[in-house]
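Asker: The structure under discussion is supplied below as structure tokens; questions concerning it will follow.
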Ligand code: MG
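In the numbering used here, the protein residues as written are 2 to 313.
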């Protein structure tokens with residue numbers, strides 16, 4: 002076989018030639034009889050916004066055509082996915098050849114208090130019931146509840162554990178997805194007294210309190226690596242310190258993956274795999290209007306990961 006043809010079949014030939022680093026042990030190990038094993042790459046459908054909502058049946062097929070094999074839902078509410086029932090949406094995904102493996106759902110309130118735990122648990126029971134029909138493996142709370150004190154954090158963690166228990170009884174794993182606010186700190190009067198240098202932060206990081214306050218058997222963390230960096234933190238430090246708590250990631254950059262220079266995805270994937278990464282979802286925000294479509298951006302993200310030798 003011509004080298005050029007061989008590389009084309011491996012998907013390693015770009016307009017500019019061979020992708021840098023394409024011949025390496027990682028890529029080689031994923032080859033079966035000379036053909037690269039297709040990577041399982043998931044997409045958080047929020048990335049497509051209105052472009053998907055405008056035509057869900059064809060939009061899902063387009064996601065599959067790009068190469069994605071799984072989707073993480075956003076938009077479940079009132080026991081429906083937009084205008085579609087749970088069963089209808091599942092059928093559309095099946096017809097497109099996509100697996101619905103995860104879903105982002107927020108509880109009915111951001112103010113999680115002791116007296117609301119029962120109501121929130123009922124909400125999760127109903128939500129889990131519907132998500133069994135979607136066929137998901139994971140269910141993820143994507144927005145931070147309001148927390149100002151350590152007591153607030155304790156109730157939130159209790160609610161996360163409760164949701165984890167409910168999901169687990171149906172064979173689904175419950176997780177939490179972060180933005181940058183989770184890296185703010187809760188600073189008590191005691192903490193302030195300890196502060197000797199105005200540049201040295203004191204107090205507890207909310208994300209760490211969530212990690213430490215939840216049962217690892219019930220709650221996992223779907224780290225959004227971009228928002229973690231935006232919160233002035235290093236994803237790698239978290240993967241090491243809390244090994245096993247990040248089986249799923251949101252792979253996101255400022256815009257199309259790998260183009261900003263802010264995100265070291267090679268280091269992120271390498272360290273995450275070492276510490277238990279199983280799945281990840283591409284998320285894309287920030288395509289400028291008129292620049293390109295979200296679908297085009299999502300296709301570029303797929304190509305980036307499909308060609309990256311550090312992605313298994
Ligand atoms: Mg995200």
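Idealized CB from N, CA, C, for every residue including glycine.
As the structure is a prediction and not an experimental result, all values here were calculated from the model.
1) List the DSSP bridge partners of residue 71.
2) With which residues is residue 139 paired in a DSSP beta bridge?
3) Whole angstroms is fine: what's the gap from residue 78's alpha carbon to residue 87's?
4) Looking at the secondary structure, which residues open and close the beta strand (DSSP E) in which residue 56 lies?
5) I'd like to know whether the C-beta atoms of residue 70 and residue 42 end up nearer to each other than 8 Å.
6) Can you list the alpha helix (DSSP H) stretches of 4 or more residues lying completely in the stretch 204-261, in chain order?
7) Please determine whether the Cβ atom of residue 225 lies at a distance below 7 Å from any heavy atom of the ligand MG.
8) Distance, Cα to Cα, residue 167 vs residue 122?
9) DSSP state of residue 305, grouped into three classes?
10) Could you pull out every residue in the same chain whose Cβ sits closer than 7 Å to the Cβ of residue 304, ignoring the five residues on either side in sequence?
11) Please list the terminal residues of the continuous beta strand (DSSP E) segment that includes residue 284.
12) What number of angstroms, rounded off, separates the C-alpha of residue 28 from the C-alpha of residue 57?
13) Are there 16 or more other CB atoms within 10 angstroms of the CB of residue 75, so buried, or fewer, so exposed?
Answerer: To lay it out plainly:
1) For the purposes of this step, residue 71 is identified with residue 70 of the chain shown, where counting begins at 1. Residue pairing of residue 71 in beta bridges, as defined by DSSP: 43, 100.
2) For the purposes of this step, residue 139 is identified with residue 138 of the chain shown, where counting begins at 1. Per DSSP, 103, 174.
3) Translated into positions along the chain shown, residue 78 becomes position 77. Translated into positions along the chain shown, residue 87 becomes position 86. About 10 Å.
4) For the purposes of this step, residue 56 is taken as residue 55 along the chain shown, with counting starting at 1. Counting along the chain, residue 56 falls outside any beta strand (DSSP E), and DSSP gives it neither H nor E.
5) As a position in the chain shown, residue 70 is number 69, starting the count at 1. As a position in the chain shown, residue 42 is number 41, starting the count at 1. A contact, by the Cβ cut-off of 8 Å.
6) You should have 207-214, 226-231, 236-242.
7) The residue given as residue 225 occupies position 224 in the chain shown. Residue 225 Cβ: within cutoff of the ligand MG.
8) As a working note, residue 167 is residue 166 in the chain shown. As a working note, residue 122 is residue 121 in the chain shown. Cα to Cα, the separation comes out at about 8 Å.
9) By one-based count along the chain shown, residue 305 stands at place 304. Helix at residue 305.
10) Sequence index remark: in the chain shown, residue 304 carries index 303 (1-based). Take residue 304, set aside five residues on each side of it, and no residue of its chain has a beta-carbon closer than 7 Å to its own.
11) To locate residue 284, count along the chain shown from 1; it is residue 283. Residue 284 -> beta strand (DSSP E) spans 280-284.
12) Numbered from 1 along the chain shown, position 27 holds the residue referred to as residue 28. Numbered from 1 along the chain shown, position 56 holds the residue referred to as residue 57. Residue placement at residue 28 is poorly supported in this model, since its pLDDT is 44, which falls under 50; the coordinates still yield a value, given next. Near 34 Å, if we compare the C-alpha coordinates of residue 57 and residue 28.
13) Start at 1 with the first residue of the chain shown, and residue 75 comes out as number 74. By the neighbour-count rule (16 or more Cβ atoms within 10 Å), residue 75 is buried.
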